[in-house]
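*Asks:*
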Amino acid sequence: MLKIIVVAFLLVYSFFIVVVRAVDFEIVNNATEAISVGVLGNADKEALENGGFVLEAGATKTITAAEDWAGKFWARTWCDAKTNHCLTGDCGDKLECQGDEGAAPATLAEITLKGDGGLDTYDISLVNGFNVAVAFEPVDGSGDGGDYSCKKATCSYNFNKQCPDALKLNSEHGVIGCKSACVALDTDQYCCRGEYGTSDTCIVSEWPVDYASYFKAHCHDAYSYTYDHNNTFTCKAQKYIVTFGVDVVDDRIML
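Okay, here's the thing in structure tokens:
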């Protein structure tokens, strides 16, 4: 009798088991040199791969996140294998960023899984500036059919070759990054803070120099400043591909 009760309980229990959706991120290095990938989870979210790993030129690595994960990926470039410090995207003297943010400038690939309406939201951000080209795309996803539904987001213009002088990150290797106006100039107006801290008061056309529109003109898919909210993509997919790396043709970066 007891055996029958136990079996019945297990059958009922298994009926209510919820299958948890896991999401894969395929990280691709399409560059000609190795990069150190940085990964940061949002508040209370896991730092996948403990926050970072080396990805050799042409290599691919797949990592898995929980269905409600949220965070960002970025490339750390010009890294010293002995110290683990990098000239762009640096998170200290460690390969795994362990919850630390990457230093600007760095192009960010951001995502929030299972957001409003159960859809994932993803974007490319230049709010901290640019260091390498990035593409972010869902694989076999389903969405709401809108203009930004399940589309590939791409920032493929080579800002390092055409960066305004005030925003350049110079090094012995040449210009290796293009800072945002906020990072480079650090004023309330460029950073949309203080009296400019709302979407109604942070008006790029009133900036001393409208650097945000420069970024937007060349990378329409990307966020160009804090309140540039027109480029959030949505989808629901089991897999996303984040591609870092470039082939330069006529000052453009082709992914």
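Here the sequence shown stands for residues -22 to -1, 1 to 233, where the numbers follow mature numbering (1 follows the signal peptide of the UniProt record, and there is no 0).
Note that CB positions come from ideal geometry on N, CA and C, so glycine has one too.
With Leu33 as the anchor, note down where its beta strand (DSSP E) starts and where it stops.
*Replies:* 30 to 33
*Asks:* Could you compute how far the alpha carbon of Tyr192 sits from the alpha carbon of Gly152?
*Replies:* 21 Å
*Asks:* Can you give me the Cβ contacts of Cys75 inside the same chain, cut-off strictly under 6 Å, excluding the 5 residues immediately before and after it?
*Replies:* Gly16, Gly29, Gly30, Cys69
*Asks:* Please report the distance separating the alpha-carbon of Gly123 from that of Lys129.
*Replies:* 10 Å
*Asks:* On the three-state DSSP scale, how would you describe Ala144?
*Replies:* helix
*Asks:* In the DSSP assignment, find the unbroken alpha helix (DSSP H) run with Ser191 in it and report its ends.
*Replies:* Start and end: 189 to 196.
*Asks:* Going along the chain, which residues of its own chain have a beta-carbon closer than 6 Å to the beta-carbon of Thr221, five neighbours each way excluded?
*Replies:* Apart from the 5 residues on each side of it in sequence, Thr221 sits with its Cβ closer than 6 Å to the Cβ of Val6, Asn8, Ala113, Leu233 in its chain, given in chain order.
*Asks:* How long is the line joining the alpha carbons of Cys170 and Thr204, rounded to whole angstroms?
*Replies:* 7 Å
*Asks:* Output the distance between the C-alpha atoms of Thr179 and Ala21, rounded to the nearest integer angstrom.
*Replies:* 28 Å
*Asks:* Would you mind working out which of Ala87, Lys39, Val182, Glu24 sits nearest Trp52, comparing C-alpha positions?
*Replies:* Ala87
*Asks:* So is Ser183 buried or exposed if we call it buried at 16+ other beta carbons inside 10 Å?
*Replies:* exposed
*Asks:* Can you tell me whether Val105 is buried or exposed, with buried defined as 16 or more other CB within 10 angstroms of its CB?
*Replies:* buried
*Asks:* Around the C-beta of Ala131, are 16 or more other C-beta atoms found within 10 angstroms, so that it is buried, or is it exposed?
*Replies:* buried
*Asks:* Going by other Cβ atoms of all chains shown within 10 Å of its Cβ, with 16 needed for buried, is Gln140 buried or exposed?
*Replies:* exposed
*Asks:* Where do the N-terminal and C-terminal ends of the beta strand (DSSP E) with residue 246 fall, by residue?
*Replies:* This structure gives no information on residue 246, because the portion of the chain shown stretches from -22 to 233.
*Asks:* Given Ala48, which residues of its chain have a CB within under 6 Å of its CB, disregarding the five upstream and five downstream residues?
*Replies:* Asn20, Lys23, Thr90
*Asks:* From what residue to what residue does the beta strand (DSSP E) around Val153 run?
*Replies:* 152 to 156
*Asks:* Can you tell me whether Ala35 is buried or exposed, with buried defined as 16 or more other CB within 10 angstroms of its CB?
*Replies:* exposed
*Asks:* Might you give, ordered along the chain, the residues of its own chain that have their beta carbon closer than 7 Å to the beta carbon of Ser162, omitting 5 neighbours on each side?
*Replies:* Per the sequence presented here, residue 162 reads as Ala, with Ser not at that position. Excluding residues within five positions, the ones whose Cβ falls inside 7 Å are Ala144, Leu145.
*Asks:* Around the C-beta of Val(-4), are 16 or more other C-beta atoms found within 10 angstroms, so that it is buried, or is it exposed?
*Replies:* Residue confidence is low: Val(-4) scores 49 on pLDDT, short of 50, so the model does not pin down where it sits. No coordinate-derived value is stated.
*Asks:* Could you tell me which whole alpha helix (DSSP H) segments of length 4 or greater appear in the region 66 to 119?
*Replies:* Taking only runs of at least 4 residues, no alpha helix (DSSP H) segment lies wholly in the region 66 to 119.
*Asks:* Whole angstroms is fine: what's the gap from Cys197's alpha carbon to Ile41's?
*Replies:* Cα to Cα, Cys197 sits roughly 27 Å from Ile41.
*Asks:* Can you tell me which of the three DSSP states Tyr168 falls into?
*Replies:* helix
*Asks:* Candidates Lys50, Gly80, Ala44: which alpha carbon is nearest Cys57's?
*Replies:* Answer by Cα proximity: Gly80.
*Asks:* When DSSP builds the beta bridges, which residues end up paired with Ser14?
*Replies:* Val32, Arg54
*Asks:* Just mark Ala215 as buried or exposed, buried being the case when its beta carbon has 16 or more other beta carbons within 10 Å.
*Replies:* buried
*Asks:* In terms of residue numbering, what span does the beta strand (DSSP E) encompassing Cys133 cover?
*Replies:* 131 to 133
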